[in-house]
Amino acid sequence: MTSSHWAKLATAFYFIWGLLHIKAAWIVYQMGENLPADMIQGRLFQSGWNLLFFALAAMAIAVFYNLKNDRQGYWANLIMVSATDIGFILFILVPGHLALWPGIMGPVFWLLALVASTIALKQNPS
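Given below as structure tokens:
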């Protein structure tokens, strides 16, 4: 496969990651709706908001930068998506607050995107 094919694949994986996290943001928001209006509810709303914008940013970076195999886009999504999913793995999956399936879907698409974008960049560094 060419670097262009790998870049397209990485873009698709990051986009799917973003869609999964938009859904997760909505779920976090809904969890907060069932709580009294206090600090915990506010923190859940903020977490949902942050997750929504990480998802939208990852999707935009994928479409406008990773698709072109851009080095800055590579690093932007690598850092942002990695930070987001490492926290999810450490604080949600490892303690067992969410079942491994479907919880592992986000990290799987993160790793697939990471591998595909790394191969694309290694084959044709821009």
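One gets my numbering by counting positions in the sequence shown from 1 and adding 35 to each. Backbone N, C-alpha and C fix where the C-beta goes; we use that ideal spot for every residue, glycine too. The model shown is predicted, which means the values in this text are computed figures rather than measured ones.
Taking the CA atoms as reference points, residue 100 sits about 7 Å from residue 109. Under the three-pair Cβ rule at 8 Å, the segment 84 to 100 does not count as touching the segment 132 to 139.
For residue 91, the uninterrupted alpha helix (DSSP H) segment begins and ends at 74 to 99. The DSSP-derived three-state label of residue 115 is helix.
Rounded to whole angstroms, the gap between the alpha carbons of residue 55 and residue 120 is 12 Å.
For residue 144, the uninterrupted alpha helix (DSSP H) segment begins and ends at 140 to 158.
If you draw a 10 Å sphere on the C-beta of residue 84, you find fewer than 16 other C-beta atoms in it, and that means exposed.
Residues of the same chain with a CB within less than 8 Å of the CB of residue 158, apart from the 5 flanking positions on each side, are 37, 38, 41 in chain order. A residue is called buried once 16 or more other Cβ atoms fall within 10 Å of its Cβ, and residue 141 is buried on that count.
Within the same chain, and ignoring the five residues on either side of residue 57 in sequence, the residues whose Cβ sits closer than 7 Å to its Cβ are 87, 90.
Judged by beta-carbon spacing, residue 155 lies beyond the 8 Å limit of residue 112, meaning their Cβ atoms are not closer than that value. Boundaries of the alpha helix (DSSP H) around residue 66: 38 to 68.
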